[in-house]
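Let me begin by presenting the structure, written as structure tokens, before commenting on it.
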Amino acid sequence: MKQTSYFMVATIYEKGPTKKSFLHDILKPEALKQYIPIIGELAREHIEKEWVPYQEVKVFPLSKKYTFDLACRLFMSVIDPLEIKKLADPFHLVTNGMFTVSIDFPGTAYNGAIKGGKLVREELMRIIRERRNYELIMMEMENKKEILLGGRDLLSRMLLVRDEDGKLLSEMEISNHIIGLLVASYETTSTALTFVFEKLCSASPHIQSGSQRTNGDSTGKGPDDLLTWEDIERTKYSWNVACESLRVTPPAQGAFRETVPDFTCTISKTSNTILFHPKKK
-19 MKQTSYFMVA TIYEKGPTKK SFLHDILKPE ALKQYIPIIG ELAREHIEKE WVPYQEVKVF
41 PLSKKYTFDL ACRLFMSVID PLEIKKLADP FHLVTNGMFT VSIDFPGTAY NGAIKGGKLV
101 REELMRIIRE RRNYELIMME MENKKEILLG GRDLLSRMLL VRDEDGKLLS EMEISNHIIG
161 LLVASYETTS TALTFVFEKL CSASPHIQSG SQRTNGDSTG KGPDDLLTWE DIERTKYSWN
221 VACESLRVTP PAQGAFRETV PDFTCTISKT SNTILFHPKK K
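Residue numbers (the working numbering): -19 to 261.
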């Protein structure tokens, strides 16, 4: 897995305190609230285009398409379907071969993942370079403070971040962060959405009608009104269904993390690698 792991090269040793703090600040719940209208608007467009015209749909592939489209819009403001396709097609190759046997031979999933990773990296680097040139022009025309405080996407904010030595993040570092976020948000979010739909579809008519009724009454939104964080907080019935789905079928079964010092577990002594996984209550 050496070459595919290079695709996501961004370890704890490469991230200084400033960089880790920056990612924490832009991904905390308070900062994510501003994205609710965009998420709701894209969900509406996606349902009208990919769901409504058909009598039967496959939820998981459509959930992955929605998740990737949303990530491109939130992280980089990429909304052109052709531009998204240039990233999505090779990205699917990467995810399909990421956890396969590492045989680099033409025709294998692993070989496809390597080729896909290179294409994704090249496309991201192109987007970052174009945005950096645009930001430099904007900084010459506008006040830097206005740019920092404006409603910018993740890429624009990354281009303005400086490390402990006052240097801007390199294009490779920015692409590492974006790739890490794309990978982290892709399968888990899509899987969670799929299981929530499965639970709603397999639920009794009483639960389905209760979810539809409480959601409609609590939001009070018209067909063209955008969602807000306050609307989400009032849809408690659907949130309970989502929480139960996450409890019964967690989208991520576990992950490995490498600690800085050695540590002693209550069960056994390990070196510096741990595996954690969600526990059902």
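Glycine residues also receive a C-beta, built at the ideal position from the N, C-alpha and C atoms.
- The C-alpha of ARG111 is placed about 26 angstroms away from the C-alpha of ALA23.
- CA-CA distance, ALA222 to VAL176, rounds to 6 angstroms.
- Taking every protein chain shown into account, the CB of LEU12 has fewer than 16 other CB atoms within 10 angstroms, so this residue is exposed.
- Pairing ASN76 with GLY92 gives a Cβ-Cβ distance under 9 angstroms.
- Membership of TRP219 in the alpha helix (DSSP H) is indicated by the continuous run 216 to 228.
- By DSSP's assignment, LEU148 forms a beta bridge with ARG142.
- Judged by DSSP in its simplified three-state form, THR47 adopts helix.
- When ILE212, LEU161, GLU213 and THR171 are compared, the shortest CA-CA separation from HIS4 is found for LEU161.
- Here LEU148 has LEU139, LEU140, VAL141 and ARG142 as same chain residues with Cβ atoms under 8 angstroms from its own Cβ, once five neighbours each way along the sequence are excluded.
- Take THR168, set aside five residues on each side of it, and the residues of its chain with a beta-carbon closer than 6 angstroms to its own are PRO231 and ALA232, in chain order.
- Collapsing the DSSP output to three states places GLU36 in coil.
- For the pair TYR46 and HIS26, the Cα-to-Cα distance works out to about 7 angstroms.
- In the three-state reduction of the DSSP assignment, THR88 falls in the coil class.
- Annotation: VAL163 to LEU73 spans about 12 angstroms, alpha carbon to alpha carbon.
- In the structure shown, PHE79 falls within a coil segment according to DSSP collapsed to helix, strand and coil.
- Pairing GLU224 with ASP205, the inter-Cα distance amounts to about 28 angstroms.
- Just measuring C-alpha positions, the residue of PHE40, GLU28 and GLU30 sitting nearest LEU173 is PHE40.
- Closest in C-alpha terms to MET56, from the list PRO33, ILE108 and LYS179, comes ILE108.
- Rounded to the nearest whole angstrom, the C-alpha separation of SER82 and GLY20 is 39 angstroms.
- Taking a 10 Å sphere around the C-beta of CYS181, we find fewer than 16 other C-beta atoms and assign the residue as exposed.
- DSSP, reduced to helix, strand and coil, places VAL176 within a helical segment of the structure shown.
- At least 9 angstroms separates the beta-carbon of ILE59 from that of PHE48.
- A residue is called buried once 16 or more other Cβ atoms fall within 10 Å of its Cβ, and ASN156 is buried on that count.
- Each of GLU28, PHE71 and LEU42 was checked against the Cα of SER170, and the nearest Cα belongs to LEU42.
- THR80 and GLU151 have their C-alpha atoms spaced approximately 29 angstroms apart.
- In this structure PHE71 is buried. Its beta-carbon is surrounded by 16 or more other beta-carbon atoms within 10 angstroms.
- The C-beta distance from ILE158 to LEU104 rounds to 6 angstroms, short enough to meet the 8 angstroms contact threshold.
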